[in-house]
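Asks: Each residue of the sequence shown is one higher than the one before, starting from 13 at the first, in our numbering. For each residue, glycine too, the CB sits at the ideal point set by N, CA and C. Given the structure is predicted, the values throughout are model-derived calculations rather than measurements.
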Amino acid sequence: MSTDNNASHSSIVIDSTNNTDLSTTLEGTPNIEEKSQTSTKISILSLQKAMSILDQPAVSIVLLVLAGMALAFQAGCNATLNRYGGRAFSSVISFSTGITCCLIFFALDVTVGKTPLPDDHVKSAPWYAWVGGILGAYYVIINILTVPRLGAATVLSVFVCSQVIMACIIDNYGLCTLCRHKYICE
C-alpha cells in the first residue's frame with residue numbers, strides 16, 4: 013500500500029493483488045475523472061479475469077459446443093434472410109456483422125488480453141494463411157444456397173463429415189504447417 017500526499021490531492025492505491033484502486037480528494041470524495049479511471053481499471057481487470065477462465069478445458073468444451081450450435085442456427089438465420097432479402101444481401105449482412113464482431117474481439121484481445129499487434133513477421137506467412145476469409149465466405153455462401161433446398165440438418169451433416177475427413181487429412185500429412193498426427197487403419 014502506498015500513499016502520495018501533496019497540498020491539493022491525496023491518492024491511496026491498494027496494491028494490484030487486491031485489484032482495487034481507490035482515489036480520493038482531500039474532501040474525501042472521489043472526483044469524476046478518478047471515478048471514471050477507477051471504473052475503467054476495474055472493468056479491464058474483470059475482463060482479464062474472464063479471459064483467463066478460457067484456460068480451463070471444460071470451459072473450452074462448452075464454448076465449442078455452443079459454437080457448433082451457433083453454426084446450425086446461423087445456417088437457418090442465413091436461409092431466412094435469403095428469403096427476405098436475397099442471396100447476396102444475406103451473405104453481405106452475415107459478413108458485415110461478422111467483421112464487426114471480429115473487430116470488437118481484436119480490440120479486446122489487444123487491449124485487455126495484451127496480445128501484441130502484428131509486426132513485419134506477418135508478411136512472411138505462407139500464401140495459404142491468407143485464404144481463411146475466402147473459405148469462410150465460401151462456407152456461408154454455400155450455406156445460403158443449399159439450406160433452403162436441403163434443410164439445415166442435411167447440409168450441416170455433410171459439412172461435419174467433410175470437416176472431419178479434411179481434418180484427418182490435414183493432421184495425417186501435416187498440412188498448413190500443423191504437427192503430423194498419423195492415422196493408421198488396421
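For residue 140 and residue 174, I'd like the C-alpha separation in whole angstroms.
Replies: Distance between the alpha carbons of residue 140 and residue 174 is about 19 Å.
Asks: So residue 91 and residue 168 are supposed to be a Cβ contact under 8 Å. How far apart are they, rounded?
Replies: About 12 Å; that fails the 8 Å criterion.
Asks: Under the three-state reduction of DSSP, which class applies to residue 185: helix, strand or coil?
Replies: Helix at residue 185.
Asks: Can you list, in chain order, the residues of its chain with a C-beta nearer than 6 Å to that of residue 183? Leave out the 5 residues immediately preceding and following it.
Replies: Once the five neighbours on either side are set aside, the close Cβ partners of residue 183 are 193.
Asks: Evaluate contact between the stretch 148–162 and the stretch 96–113, counting only Cβ atoms and requiring at least three cross-stretch pairs below 8 Å.
Replies: Short answer: they touch.
Asks: Under the rule that 16 or more other beta-carbon atoms within 10 Å means buried, what is residue 164, buried or exposed?
Replies: Answer is buried; the Cβ neighbour count reaches 16.
Asks: My output table needs one value for residue 178: the three-state DSSP class, helix, strand or coil.
Replies: Residue 178 falls in the helix class under three-state DSSP.
Asks: Can you name the start and end residues of the alpha helix (DSSP H) that residue 160 belongs to?
Replies: First-last of the alpha helix (DSSP H) with residue 160: 144–162.
Asks: Identify whether residue 192 lies in helix, strand or coil by the three-state DSSP scheme.
Replies: Coil.
Asks: Taking the alpha-carbon positions, what's the residue 189 to residue 145 distance?
Replies: Each residue's alpha carbon lies about 18 Å from the other.
Asks: According to DSSP, is residue 97 part of a helix, a strand, or is it coil?
Replies: Residue state, collapsed to three classes: helix.
Asks: Does DSSP classify residue 86 as helix, strand or coil?
Replies: Residue state, collapsed to three classes: helix.
Asks: Beta-carbon within less than 6 Å of residue 111's beta-carbon, same chain only, minus the 5 sequence neighbours each way: which residues are those?
Replies: There are no such residues.
Asks: Output needed for residue 72: all residues of its chain with C-beta closer than 8 Å, excluding positions within five of it in sequence on either side, in chain order.
Replies: Counting only Cβ-Cβ distances below 8 Å, and skipping sequence neighbours, we find 66.
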